[in-house]
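Scroll down for the structure; my scribbles are underneath it.
Residue numbers (the working numbering): 2 to 549.
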């Protein structure tokens with residue numbers, strides 16, 4: 002079944018004739034990735050002239066925005082990784098009170114639009130905030146880097162937490178008992194055994210957090226104020242002055258550090274996996290933590306989990322309050338307004354379903370071809386293109402699609418198709434990784450048996466492989482749907498009056514200080530995401546789609 006790589010044109014023609022469907026599929030996937038991933042990337046980088054790039058070095062605000070973006074990435078990455086490690090440590094190694102609740106709370110930011118934390122932060126501490134205005138009678142300026150730092154820490158904490166938690170759970174208790182038998186204290190065991198084994202996961206989580214912070218658009222546009230960062234500067238160049246060359250220059254400056262971090266994460270951290278279990282896994286319980294360790298870690302988990310609950314509790318209260326900042330009495334009229342915006346919510350659902358279904362199919366087919374067939378350099382090329390969108394910030398991709406598909410033969414600007422395509426390829430790396438992991442668990446003998454019985458590649462894939470891949474398919478669909486329905490950084494550049502989605506409507510409400518309506522709309526989107534997650538977990542038979 003496996004095709005031996007060869008550069009001979011004659012051998013290639015013979016293979017094409019024997020398996021035309023396979024090669025046509027490969028060519029189709031390469032064409033799609035080239036047009037909808039590589040071409041927008043190329044357009045952004047080549048659209049500005051040399052003089053536009055030279056202008057970048059003469060504009061002090063742009064230089065400052067670059068420095069600010071890098072500074073916030075460093076600060077937020079440190080705080081995100083620190084908080085995620087302690088929280089994961091508490092969930093894995095201690096019996097923290099309300100553990101089940103805190104585990105659920107930890108993933109709430111994944112289910113919500115990226116600017117939810119910023120909205121709640123303003124509702125709590127802004128000029129008409131519940132804490133600053135109602136309780137303390139203060140009027141303080143909360144906008145700037147300090148607020149952005151706190152908001153980014155909470156927003157991107159779950160992604161680092163899930164990575165670190167999985168690593169901590171994989172460390173065998175046998176190693177700790179062995180260290181204790183050799184006279185090691187708990188503190189020495191932590192620094193000499195646990196942390197070194199968790200280091201690759203911590204590094205991977207930190208890199209993921211840094212990439213997310215660099216690409217963040219929703220939080221800075223609401224909370225950064227005059228603290229300029231690259232994503233908001235690029236957005237202002239388009240919406241304020243319609244200066245596409247300047248926006249493309251700023252987007253290129255944004256992708257350079259993001260791409261570097263992505264390459265480091267992909268080719269460096271992935272190579273450093275420490276084996277902690279050899280042979281049969283241990284059924285031993287983990288050693289009990291010391292009292293001081295338990296109290297400190299549990300206190301942190303309760304406080305940080307309480308902060309997330311406060312943020313989402315404030316959002317829910319705002320959704321039911323008459324006029325946030327003036328009249329905190331409860332009403333359901335805000336939800337009546339939210340449901341009256343059925344077009345925006347309907348667009349969010351429609352575009353997200355379309356992008357997620359296509360992403361699930363394309364990612365699994367691509368992963369299957371790369372993992373099961375050897376087609377020379379085409380394997381590496383496909384693998385590179387399928388993972389490349391993981392290094393592209395949403396702002397960059399949005400600008401790229403404007404520049405690439407604004408003229409014939411693919412004049413897609415202003416249509417729902419361009420939003421679906423952008424979300425599809427933005428989510429592709431996540432689906433591709435999921436599909437790759439699932440395919441690697443399938444024994445090749447299954448396919449060989451099918452081929453020996455006379456089945457072709459197409460029949461084997463559609464009748465045998467796809468049914469076995471249903472878990473990966475639904476997991477990819479669910480995660481792509483959650484990411485798509487809460488996306489802002491891409492849709493903000495691509496929507497038109499006919500394709501407004503929920504996140505755009507929420508941003509407009511926030512800009513007009515319609516906090517209660519914005520909170521209600523946000524709650525509806527979170528509710529849709531939560532229902533989708535629960536249905537998916539039920540269908541897949543998983544208690545937690547993010548950790549299992």
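Backbone N, C-alpha and C fix where the C-beta goes; we use that ideal spot for every residue, glycine too.
In the pairwise beta carbon analysis, the stretch 129 to 136 is classified as not touching the stretch 155 to 170: fewer than three pairs are separated by under 8 Å. Measuring C-alpha to C-alpha distances from residue 523 to each of 326, 183, 148, 315 identifies 315 as the nearest. Taking the C-beta atoms as reference points, residue 224 is found no nearer than 8 Å to residue 350. Residue 481 and residue 182 have their C-alpha atoms some 47 Å from each other. Segment contact: the stretch 295 to 315 against the stretch 435 to 444, fewer than three CB-CB distances shorter than 8 Å; contact not assigned. Under the three-state reduction of DSSP output, residue 50 falls in the coil class, being neither helix nor strand.
Put simply, the backbone Cα of residue 235 is about 43 Å away from that of residue 442. Distance check between residue 38 and each of 383, 440, 534, 519 places 383 closest, using alpha-carbon atoms only.
Following the DSSP letters along the chain, one finds residue 203 inside the alpha helix (DSSP H) bounded by residues 196 to 216. Around the beta carbon of residue 325, a 10 Å sphere encloses 16 or more other beta carbons of the protein chains shown; the residue is thus reported as buried.
Of all C-beta pairs linking the stretch 73 to 82 to the stretch 213 to 227, three or more are shorter than 8 Å, placing the two stretches in contact.
By the 16-neighbour rule on beta-carbons within 10 angstroms, residue 153 is buried. As the crow flies, the alpha-carbon of residue 231 is around 47 Å from that of residue 444. With distances taken between CA atoms, residue 248 lies nearest to 239 out of 256, 239, 264. A Cβ-Cβ contact shorter than 8 Å links residue 423 with residue 491. Within the same chain, Cβ atoms closer than 8 Å to the Cβ of residue 62 are found at 229, 234, the five residues on either side in sequence being excluded.
Fully contained in the stretch 224 to 250 are the following alpha helix (DSSP H) runs of length 4 or more, in chain order: 231 to 240. The criterion of a C-beta distance shorter than 8 Å is satisfied by residue 505 and residue 496. In this structure, residue 394 keeps its C-beta atom at 8 Å or more from the C-beta atom of residue 253.
Of the candidates 190, 78, 288, 179, 78 places its Cα closest to the Cα of residue 213.
If you compare the alpha carbons of 484, 459, 251 with that of residue 23, the shortest gap goes to 459. DSSP, read as helix, strand or coil, puts residue 317 in helix. Unbroken alpha helix (DSSP H) stretches of 4 residues or longer found wholly inside the stretch 435 to 514: 445 to 453, 458 to 461, 471 to 486, 492 to 495, 503 to 512, given in chain order. The criterion of a C-beta distance shorter than 8 Å is not satisfied by residue 533 and residue 348. A buried status is given to residue 342, since no fewer than 16 other beta-carbon atoms sit within 10 Å of its beta-carbon.
Assignment of beta-bridge partners to residue 324 by DSSP yields 328.
Here residue 220 carries a helix assignment [DSSP, helix/strand/coil].
DSSP places residue 335 inside the alpha helix (DSSP H), whose first and last residues are 334 to 341.
In the DSSP assignment, residue 146 falls within the alpha helix (DSSP H) that extends over 146 to 170. Around the beta carbon of residue 311, fewer than 16 other beta carbons sit within 10 angstroms, so the residue counts as exposed.
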